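Encoded as structure tokens, the structure appears first; notes follow it.
The following block contains the structure:
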């Protein structure tokens, strides 16, 4: 059984920064992909950024240059450093672990950006 636990969601003013962390536990095989998705009210869940076991990253166009993803393979953790936050970054952010046979999701953490 794999579990993902997220930390770091908060309310922040526009232009501010926030760091999200996710820790995965259980039977985790490599290679894998860990990353972050977000879902704003009334919208679909979209990729923010992910990184595979080899360190290759993938960012949504809207966050390139502002968000940075990092991971620790030994600890099965993935972090998302978010800078220059905008109001439309407000969403529930979900940690994702993609294994060859299935996907696992965290419970989500709320990020609210106010002007």
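Numbering (our numbering), first residue to last: -12 to 102.
Where is the CB? At the ideal position from N, CA and C, for every residue including glycine.
From a predicted model like this one, the values you see are computed outputs, not experimental measurements.
Simplified DSSP state of residue i, which is helix, strand or coil
{"i": "residue 48", "result": "helix"}
{"i": "residue 53", "result": "coil"}
{"i": "residue 90", "result": "strand"}
{"i": "residue 25", "result": "strand"}
{"i": "residue 63", "result": "coil"}
{"i": "residue 32", "result": "coil"}
{"i": "residue 83", "result": "strand"}
{"i": "residue 19", "result": "coil"}
Beta-carbon separation (whole angstroms), residue i vs residue j, contact threshold 8 Å
{"i": "residue 20", "j": "residue 67", "result": "At roughly 14 Å, the Cβ-Cβ gap does not stay under 8 Å, so residue 20 and residue 67 are not in contact."}
{"i": "residue 110", "j": "residue 18", "result": "What the structure shows of the chain is the stretch from -12 to 102, and residue 110 is not part of that stretch, so it cannot be assessed."}
{"i": "residue -11", "j": "residue 11", "result": "6 Å"}
{"i": "residue 26", "j": "residue 79", "result": "5 Å"}
{"i": "residue 125", "j": "residue 5", "result": "Look at the range of the chain in this structure, -12 to 102, and you will see that residue 125 is not part of it."}
Extent of the continuous beta strand (DSSP E) run through residue i
{"i": "residue 8", "result": "5 to 12"}
{"i": "residue -6", "result": "-10 to -6"}
{"i": "residue 43", "result": "That residue, residue 43, is in no beta strand (DSSP E); it is neither H nor E in DSSP."}
{"i": "residue 70", "result": "Segment: none, residue 70 is in no beta strand (DSSP E) and carries neither H nor E."}
{"i": "residue 99", "result": "96 to 101"}
Local Cβ density within 10 Å of residue i, reported as buried at 16 or more and exposed below that
{"i": "residue 82", "result": "buried"}
{"i": "residue 135", "result": "The structure shown does not extend to residue 135, since the chain is modelled only from -12 to 102, so the question has no answer here."}
{"i": "residue 58", "result": "buried"}
{"i": "residue 54", "result": "buried"}
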